[in-house]
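**Q**
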Amino acid sequence: MKYTIRREEYQKKYMQGIEPNTSYSQTATAPTMGKRHDVSEYSTVWGIEEKSFERLTAAGYIATLMEEFRWGNVKPFSFVINPKED
294 MKYTIRREEY QKKYMQGIEP NTSYSQTATA PTMGKRHDVS EYSTVWGIEE KSFERLTAAG
354 YIATLMEEFR WGNVKPFSFV INPKED
């Protein structure tokens, strides 16, 4: 099963993925068994194409969106997660 993430106020705005933002560090190194990059280093990308993601990918993208809300990079909005059959 895959999932789409849609902005509720825009019927045709779907999450397309994430991209590095101005906080992204290309020279970062990760400690053993650690994370190299933090979700705050990425921004969500939205578009009109309905795109679906695996469960863990969708969860990671939602975590990135929550960080954007938390840091005030994006004004909070409602979104819908729809399951799609493979």
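All residue numbers for the sequence shown refer to my numbering, where the first residue is 294 and numbers rise by one.
Beta carbons: idealized from backbone N, C-alpha and C, even for Gly.
(1) Just mark T357 as buried or exposed, buried being the case when its beta carbon has 16 or more other beta carbons within 10 Å.
(2) Verify whether the separation of the beta carbon atoms of E301 and S333 is less than 7 Å.
(3) Output yes if chain D places a C-beta closer than 7 Å to the C-beta of Q304; else output no.
(4) Ignore the nearest five residues each way along the sequence and tell me which others in K344's own chain have a CB closer than 6 Å to its CB.
(5) Looking at F372 and I298, is the spacing between their C-beta atoms short of 7 Å?
**A** In brief:
(1) buried
(2) no
(3) Judged by its chain identifiers, the structure shown contains no chain D, having just a single protein chain.
(4) Y307 and Q309
(5) yes
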